[in-house]
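Step one of this worksheet: look at the structure below.
There are 2 protein chains.
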Amino acid sequence: MPRFLHTSDWHIGRLFQNVSLLDDQLHVLKQIKSYAKEHGVDALVVAGDIYDRSVPPAETVDALSAFLADFTAELSIPVILISGNHDSAKRLRFGAQYMSGSGLHILGDILNVATPVTLETDSGPVHFYGIPYHDPVEVREAYGCDVKNYDEAHTYLARLAEQARTPGIPAVLISHCFIDGAEGCDSERQLSLGGADRVSYQPLQEFDYVALGHLHGPQYKGADHIRYSGSPLKYSFSEHRQQKGVILVELTDDGVIWEHLELIPKRDLRVLEGTLAELMEQGRRDPRQDDYILARLTDTQDLLEPMSQLRQVYPNTLELERTNFVISRGSQLVADVSSRRSEDQVFKDFFRQVMGGELTDEQNELLFEVITEARAGMEEQG
Amino acid sequence: MPRFLHTSDWHIGRLFQNVSLLDDQLHVLKQIKSYAKEHGVDALVVAGDIYDRSVPPAETVDALSAFLADFTAELSIPVILISGNHDSAKRLRFGAQYMSGSGLHILGDILNVATPVTLETDSGPVHFYGIPYHDPVEVREAYGCDVKNYDEAHTYLARLAEQARTPGIPAVLISHCFIDGAEGCDSERQLSLGGADRVSYQPLQEFDYVALGHLHGPQYKGADHIRYSGSPLKYSFSEHRQQKGVILVELTDDGVIWEHLELIPKRDLRVLEGTLAELMEQGRRDPRQDDYILARLTDTQDLLEPMSQLRQVYPNTLELERTNFVISRGSQLVADVSSRRSEDQVFKDFFRQVMGGELTDEQNELLFEVITEARAGMEEQG
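Line by line, the protein sequences are chains F and G.
Here the first sequence stands for residues 327 to 708, where the numbers follow my numbering.
Here the second sequence stands for residues 327 to 708, where the numbers follow my numbering.
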């Protein structure tokens, strides 16, 4: 029966606390390739947010190009991808018409939602319809229709795809959107303020499978076959308990069967809790010292440069939190440091609320410098 | 016999004095398409500087993608292009492996100079070798060789292509470089200071034809078959006397035959000389009022807002020069205005000499504002 891998939100080129994740990303992409080969799938589906930014660094573009070329050359398995809110649809789809003949299908134009990619499988053809990320204005302009919000816009496009279906041919819908009621986490960029970005799952129900992207935690919403694969890596500490992977989907005569295939990161994101002494001791015996660490220190007394100490055993310690630190010095600054959320995170949340977007890389760097300086100053005083 | 069109330096997305030239560019690209159809060529060759910037605006990327898709879909004529010094090779070549099967050959990797694109023509196969723009460091790193300058680097790559040739199969070399002794103009970006960017033509002689890009004026250098097509549009007033076009190349048993096919711009770049009154009079009867104008005013007396007056008849007047303006007021500022080169040009030359590069769009805009303000101030005083 027709089988494919469903993944999304690669965010190639993403920085995590100013550390490039490209190596980590290529590490899990290799595993995706192995799974594709092992399970002899008919396609690899990537549901948007291919890159982390509309203008990704040139090295990132090159790395993705090399991965994809290698994937299709070696496996002869086509790749179908749509653009997400982090991608520039126009940049991503350059030359798309030339590529589709060779197995790379880039669906980045909402005007083409009713034109499926047809894959010939051993069990007959399968149609893949793609709804690239869009906002309501784009849909109004492209179709001259009167859709007022995200939900109406998405429903409009989903209906166009639905109406274009050929009876008897299985149809998969690929979309990058926020289904109402699904669960977000810290590493997704809001599409719109106050939940106005939510769309309903009901118009998607009739497709044989719906491959969603945008949310980084694997989950389904509304029905078992309307599913987010989640990102292949943890992109925030709020995801530290998630099991990342790809979804192996099989379309059978009795409905869809799916399986979550685990991806093993090169460096995991972990949250460790304990006293500094305990974590130092644990770190010395830890076979995964290179993991990205958020350390929650339970010490109640002052500590001398805890970050530098921890980094001796966990070099990729990225955040420190003090959970039991009693404010005894009366300094408001010290109190802020002791809060459970890092300053970094507090500021980013604030910025997101007020500005409705994420910090740029430059702003991130600046914030990082300011916080580092402030911390250094406080440690000197402390 | 095998025939192809040779063009280069499209610089899609270029601004001329802060005016977008995209419409003008699409206008001449259409003519190139007509020529390709009319002459039934086997290929369209574009010798670099496809875009004007390494990160072109998304609309520009979309416009080029649409043109190329339309070109090959309608004519079934393959396109071969290499990256120039204005392009980001890594961005341009994304997905190149997927496109070559469908007729778009993007040669953007110096590691592939010995791998030709093979075109099957009615008279047999032809090989096209591409040398994308590169600096010596890139060649040293890619090949671990010891080339000290632009000339040695280019010669190294040209020899690799030469050695890869198959006896009996005609070979065309495409390169983006500055051949020593050729003539530049104001709209090319220097590759290196003080002429260190020049390369020799001798290592290219054995190819059946050498399709060059970088210089914007059509010309040959060293031998008749080593040729710059020039840009399809005038990109500076220094080019106002050039006849822009594309080259129709035919490879015959007795050598190469070429023909210059003229391109008619939507709006020409012209330099007009005369008194303000004369130019105003001429403008009223001019069928090409929309052309981009540099006006050289021969008036000897003060003029009241000559730019605003001229723009009533030539709305795209972009520069004013005063050629006979006698400095009678004793003001150094007035003297500067009367020089034959515009302030804009003087500053840009200065910047190029000192910084070795062109102004960014933002800097250009700022310069434009400053000059406009200064001019307004002087006109008030005058």
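Ideal Cβ placement from N, Cα and C applies to all residues, glycine included.
Element boundaries [beta strand (DSSP E), containing residue i]
i      : result
G:F420 : It is not in any beta strand (DSSP E) - G:F420 carries neither H nor E in the DSSP assignment.
G:S501 : A497 to H502
F:Y455 : G450 to I457
F:V405 : V405 to I408
G:E514 : No beta strand (DSSP E) contains G:E514, which DSSP labels as neither H nor E.
G:R567 : That residue, G:R567, is in no beta strand (DSSP E); it is neither H nor E in DSSP.
Residue range of the unbroken alpha helix (DSSP H) whose run includes residue i
i      : result
G:A440 : From DSSP, G:A440 is part of no alpha helix (DSSP H); its letter is neither H nor E.
F:T578 : First-last for F:T578: G571 to T578, but that is the beta strand (DSSP E), not the alpha helix (DSSP H).
G:D480 : A small fix is needed here, since residue 480 of chain G is His in this sequence, not Asp. Y476 to A490 is the span of the alpha helix (DSSP H), which, as asked, contains G:H480.
F:L598 : Run containing F:L598: none in the alpha helix (DSSP H); it sits in the beta strand (DSSP E), L595 to G600.
Alpha carbon of residue i to alpha carbon of residue j, nearest angstrom
i      : j      : result
F:K547 : F:R485 : 19 Å
G:G510 : G:A362 : 28 Å
F:G581 : F:H551 : 9 Å
F:A731 : G:S391 : With chain F covering only 327 through 708, there is no way to say anything about residue 731 of chain F.
F:V597 : F:R567 : 9 Å
G:V387 : F:L331 : 30 Å
F:D571 : F:S346 : Note that residue 571 of chain F is Gly in the sequence shown here, rather than Asp. Using only the alpha carbons, I get a separation of about 20 Å.
F:E585 : F:V354 : 17 Å
G:V328 : G:K474 : Going by the sequence as given, residue 328 of chain G is Pro instead of Val. Whole-angstrom Cα-Cα distance: 37 Å.
F:K560 : G:L370 : 46 Å
F:V439 : F:L538 : 15 Å
F:G410 : F:Q357 : 22 Å
G:V639 : G:L630 : 16 Å
G:A549 : G:K359 : 28 Å
F:R553 : G:L685 : 49 Å
F:L499 : F:Q615 : 41 Å
DSSP state of residue i mapped onto helix, strand, coil
i      : result
G:L629 : coil
G:G365 : Residue 365 of chain G is actually His in this sequence, not Gly. Reduced to three states, the DSSP call for G:H365 is coil.
G:D396 : helix
F:Q343 : coil
G:G683 : coil
F:V696 : helix
G:G507 : coil
G:A549 : strand
F:I376 : coil
F:E532 : coil
F:H332 : strand
F:G427 : helix
F:A522 : coil
Among the options, nearest to residue i - alpha-carbon criterion
i      : options                           : result
F:H412 : F:F454, F:H551 and F:H540         : F:H540
G:D378 : G:L598, G:L499 and G:S557         : G:S557
F:P462 : F:G470, F:G456 and F:S380         : F:G470
F:M633 : F:E514, F:A621, F:L348 and F:H332 : F:A621
G:A373 : G:F342, G:I406 and G:P496         : G:I406
F:E467 : F:A479, F:P458 and F:I457         : F:A479
G:R648 : G:L602, G:D375, G:H431 and G:L577 : G:L602
G:D579 : G:E488, G:I590, G:S449 and G:N642 : G:S449
F:D335 : F:E488, F:E446 and F:H502         : F:H502
G:V525 : G:Y535, G:A508 and G:F533         : G:A508
F:F393 : G:Y424, G:P641, G:A415 and G:A700 : G:Y424
Test: residue i CB closer than 8 Å to a CB of chain F
i      : result
G:S657 : Only weak support exists for where G:S657 lies, its pLDDT of 39 falling under 50; the value from the coordinates is given anyway. So, not an interface residue.
G:A522 : no
G:S391 : yes
G:E585 : no
G:K356 : no
G:Q423 : yes
G:D388 : yes
G:H540 : no
G:E688 : no
G:F420 : yes
Any C-beta of chain G under 8 Å from that of residue i
i      : result
F:Q638 : no
F:P464 : The amino acid at residue 464 of chain F is misidentified as Pro; the sequence shows Glu. No, F:E464 lies away from the interface with chain G (no Cβ there is under 8 Å from its Cβ).
F:S665 : Since pLDDT at F:S665 reaches only 44, below the 50 mark, its modelled position is unreliable, and the value read off the structure follows with that caveat. F:S665 does not count as touching chain G.
F:M633 : no
F:F342 : no
F:S428 : yes
F:A362 : no
F:G385 : Reading off the sequence, residue 385 of chain F comes out as Glu, not Gly. Closer than 8 Å to some Cβ of chain G, the Cβ of F:E385 qualifies, so yes.
F:R417 : yes
F:A395 : yes
Beta carbon proximity, residue i to chain A, threshold 8 Å
i      : result
F:L605 : In the structure shown, chain A cannot be found, because the protein chains are F and G.
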